[in-house]
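A short worksheet on the structure shown next.
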Amino acid sequence: AGRAAKWIEIAGCGMVDPAVFTEVGRKRGDAAYDPEEITGFAFGMGLDRLAMIMYGIPDLRLLIENDVRFLQQFSL
234 AGRAAKWIEI
244 AGCGMVDPAV
254 FTEVGRKRGD
264 AAYDPEEITG
274 FAFGMGLDRL
284 AMIMYGIPDL
294 RLLIENDVRF
304 LQQFSL
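Quick note on our numbering: the sequence shown kicks off at 234 and runs consecutively.
Right, here's the structure in full:
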């Protein structure tokens, strides 16, 4: 607990797995995305975590399970 427990990740990032480039090249039928030559970064905003705080949602899985009964509570 303590102070560290108050931090929450909202902007995740990381390196793209070389297997992603391999699969893209396979689907395209060329080597335009050769993982030996290409690297990449992925960035994303964790707005779902902000929604959890705003609405007191205890479990992230509730937002991604697509249960209409749950999600309708937050319709605009």
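Every residue, glycine too, gets a C-beta built ideally from N, C-alpha and C.
Quick caveat: nothing in here was measured; it's all calculated off a predicted structure.
Residues bridged to residue i [DSSP beta-bridge criterion]
i	result
M285	DSSP, once it has assigned bridges, lists no residue as partnering M285.
F307	Bridge partners of F307: none, in fact.
A275	G247
Residue i to residue j span [Cα, whole Å]
i	j	result
G245	M278	6 Å
R302	D250	36 Å
Y288	Y266	41 Å
A264	G273	16 Å
Q305	F254	37 Å
K239	I290	16 Å
G262	M248	24 Å
Pick from the options that is closest to residue i, judged by C-alpha positions
i	options	result
I271	R294, N299, G258 and R282	G258
Residue i and residue j closer than 8 Å at C-beta
i	j	result
R282	E256	no
Whole-angstrom C-beta distance between residue j and residue i, which should lie under 8 Å
i	j	result
L295	A284	That pair is no contact at about 10 Å.
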